[in-house]
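In the working numbering, the protein residues as written are 1 to 307. Below is one structure, written out as structure tokens, with a few remarks after it.
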């Protein structure tokens, strides 16, 4: 939005604008998986790179423990081990406002004016993102059972000869059989850790003001312009606070408490190593804030010759 007024003595101009952008991806209820991880379903495979030409292998040969060649284009020789889901939710906002007022000074014998104005702009980013990993258990719910990846082969490119896996078919199979994929306690901790580290906020605010005077001399052949400008920028960010020492018992003076052998004593509420209890003590979502303000004042004078 903008506004302008000018009657020859007064001129007023103002502008205001804003924009909001939002991006989100959350397929926990809709699918499909972002990706699938598969490995060769062959014990102790031997991989050979053959027929080198100009530093590149022209052929890759895989044999099993018995020396038999394994067909890499046969999806039955692969098994799924894990699935991945990626989530994010980001919002960006920009707000801007500016106003200028100019007054013609008719009391002087030469054309002259004085102008003052100011502006403000705020930009911020608020976002969170994380990855969820799931372990493939197979139809029987037992990850130790060797299962072929054939039921999850992509159908669209089935005639290309490449054994692509279909995240859609794997997702649909999981909806029919919830035991097909599950999350280990370590994967749950890793997911929460990436979520807390991926939760960030940053805001920048710029405020400025100025006053200037202008005069035309020598029948408008010489212009003098001078003024003062002040600008202040404030940045504020919030991110993860990581304190690995929070799992240890401390004395009243802040030092680490130690046992008779001199080893640090672990807090009872810290749980096991790499547990969710440990994460709650060491990693705080948006627990760290770093404000920063910068300001400057500028004085300028300009003399212009119209020739």
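Glycine is no exception: its CB is placed at the ideal position from the N, C-alpha and C atoms. Every value quoted in this text rests on a predicted model; they were computed, and no experiment measured them.
Assuming residue i and residue j are in contact, meaning their beta carbons sit under 8 Å apart, how far apart are those beta carbons, in whole angstroms?
i	j	result
residue 77	residue 47	13 Å between Cβ atoms; not a contact.
residue 241	residue 203	Not confirmed; about 18 Å, so no contact.
residue 95	residue 18	5 Å
residue 171	residue 31	4 Å
residue 134	residue 182	7 Å
residue 116	residue 12	About 11 Å separates the two Cβ atoms, so there is no contact after all.
residue 201	residue 238	4 Å
residue 44	residue 65	5 Å
residue 16	residue 141	Wrong, their Cβ atoms sit about 59 Å apart, outside the cutoff.
residue 206	residue 121	5 Å
For residue i, count the other beta carbons within 10 Å of its own beta carbon; 16 or more makes it buried, fewer makes it exposed. Which is it?
i	result
residue 283	buried
residue 3	exposed
residue 137	buried
residue 218	exposed
residue 167	buried
residue 261	exposed
residue 296	exposed
residue 252	exposed
residue 302	exposed
residue 313	Outside the displayed span of the chain (1 to 307) sits residue 313, for which this structure offers no information.
residue 10	exposed
residue 278	buried
residue 196	buried
Check this for me: beta carbons of residue i and residue j, under 8 Å apart or not?
i	j	result
residue 60	residue 52	no
residue 208	residue 229	yes
residue 264	residue 256	yes
residue 20	residue 93	yes
residue 233	residue 294	yes
residue 308	residue 300	An answer regarding residue 308 cannot be provided, because it is not within the stretch 1 to 307 covered by the chain.
residue 75	residue 150	yes
residue 162	residue 71	no
residue 272	residue 281	no
residue 112	residue 14	no
residue 259	residue 186	no
query: Are at least three pairs of beta-carbons, each pair with one atom in the stretch 172–192 and one in the stretch 126–138, less than 8 Å apart?
result: Verdict: yes, contact present.
message: For a minimum of 3 consecutive residues, which ranges assigned as the beta strand (DSSP E) are wholly contained in the stretch 69–157?
response: DSSP runs (the beta strand (DSSP E)) wholly in the stretch 69–157: 78–104 and 112–136.
task: Could you say if the stretch 217–229 and the stretch 245–254 meet the contact criterion of at least three C-beta pairs nearer than 8 Å?
output: Touching, no.
Sufficient close CB pairs (3 or more, under 8 Å) joining the stretch 22–40 to the stretch 87–95: A contact between stretches requires three or more CB pairs, one per stretch, nearer than 8 Å, and the stretch 22–40 meets this requirement with the stretch 87–95.
- prompt: On the three-pair Cβ rule with 8 Å, is the stretch 32–39 touching the stretch 68–83?
  reply: Here the stretch 32–39 lies against the stretch 68–83, with 3 or more beta-carbon pairs under 8 Å apart.
query: Below 8 Å, can you find three or more Cβ-Cβ pairs linking the stretch 172–184 to the stretch 103–117?
result: Taking a cut-off of 8 Å for Cβ pairs, the stretch 172–184 and the stretch 103–117 do not touch, as fewer than three such pairs fall below it.
- request: Kindly provide the ranges of any alpha helix (DSSP H) runs that are 4 or more residues long and lie completely inside the stretch 172–233, ordered along the chain.
  value: The DSSP assignment places 185–197 as complete runs of the alpha helix (DSSP H) inside the stretch 172–233, in order along the chain (cut-off: 4 residues).
- prompt: At what residue ranges does the stretch 35–66 contain a whole run of the beta strand (DSSP E), taking only runs of 3 or more?
  reply: You should have 35–40, 46–53 and 56–63.
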